[in-house]
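To get the numbering used here, take the position in the sequence shown, counting from 1, and add 1.
No residue lacks a Cβ here, since even glycine has one placed at the ideal position from N, Cα and C.
Below is one structure, written out as structure tokens; the observations come after it.
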Amino acid sequence: MKGTIKDILKISGVHGYVLARDKTMQIKLPSKHRFAGAKKQIKLLYDDLIQARKRPGNTMEIFFEDLVLTIFTSGMTMLMVLSSTRVNLALVRMTGKLAIANLAKEKF
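What follows is the structure, given as structure tokens:
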């Protein structure tokens, strides 16, 4: 496992991802997903997390009733993974940390 976005998408239970850096944002979700049209709200979340002087950490998890948002940050790059509540969160965390480290080194 190299820690790429493709590796994250192969994990059973992962719906998609959001990748943001500066003013660039890539959203990969099913078209009927409830977060598919939430680009503005995701941008606000990105701005709040990246500009915060003291973040709670580089990995954050937000639990909803039927969804888990796992957010990885590194410098100006944010990777948000959307998954079901039945996903293997340890695997998502491990792969996400590898992916954000690789993404921070390169430009997308």
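| Check | Outcome |
| --- | --- |
| Give the secondary structure of M77 by DSSP, where H, G and I count as helix, E and B as strand, and everything else as coil. | coil |
| Excluding the 5 residues preceding and the 5 following Y47 in the sequence, name in chain order all residues of the same chain whose CB lies nearer than 6 Å to its CB. | A21, M79 |
| Keeping to the same chain, check which residues put their C-beta closer than 6 Å to that of V19; ignore five residues upstream and five downstream. | I28, I43, M81 |
| Please classify L83: is it buried, with 16 or more other beta-carbons within 10 angstroms of its beta-carbon, or exposed? | buried |
| Would you mind stating whether G76 and A39 have Cβ atoms separated by less than 8 Å? | no |
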